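Read in my numbering, the sequence shown has 675 at position 70, and its numbers run on one by one without any break.
Even for Gly, the Cβ is constructed at its ideal location relative to N, Cα and C.
Source: prediction; values computed, not measured.
Below is one structure; the comments refer to it alone.
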Amino acid sequence: MKYLITFLAIAALGSIAAGFIFESDYSQKFIGFGTMGLFVLVFPLFAYYRWKDKDFRDYMLTKENLDKMRDKEKHKF
Numbered sequence: 606m607k608y609l610i611t612f613l614a615i616a617a618l619g620s621i622a623a624g625f626i627f628e629s630d631y632s633q634k635f636i637g638f639g640t641m642g643l644f645v646l647v648f649p650l651f652a653y654y655r656w657k658d659k660d661f662r663d664y665m666l667t668k669e670n671l672d673k674m675r676d677k678e679k680h681k682f
């Protein structure tokens with residue numbers, strides 16, 4: 606998965622760079638498809654890859670988590 610994300614990111618950035626460097630009839634399409642590839646393919650795959658084994662309850666502001674944060678602050682000083 607990591608290599609797929611890296612390949613897609615390099616391909617999308619390469620497409621954007623090719624659109625700016627080479628002046629052709631399809632320059633704007635290269636830029637557009639590269640940008641669309643980053644936001645439609647690369648970012649969601651990256652977000653899924655990084656968050657797939659995480660528990661979202663650890664990042665929510667619940668009463669228990671707020672109490673834990675307050676306890677950490679009390680012990681800090």
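| task | Would you kindly work out how many angstroms separate the C-alpha atoms of I621 and L609, rounded to a whole number? | result | 18 Å
| R655: first and last residue of the uninterrupted alpha helix (DSSP H) it sits in | Its alpha helix (DSSP H) spans residues F648 to W656.
| field | Distance CB(G624)-CB(I615) smaller than 9 Å | value | no
| field | From M606, L613 and K607, residue whose alpha carbon lies closest to that of L646 | value | L613
| said: Checking 9 Å against the spacing of the C-beta atoms, do K670 and D663 come in under that value? | reply: Correcting the residue identity first, residue 670 is Asn in this sequence and not Lys. By the CB criterion at 9 Å, N670 and D663 fall inside the cutoff.
| message | Distance check for R655 and D676, CA to CA, integer angstroms please. | response | Whole-angstrom Cα-Cα distance: 28 Å.
| Quick one: complete alpha helix (DSSP H) runs, 4+ long, within the stretch 622 to 650? | 632 to 642
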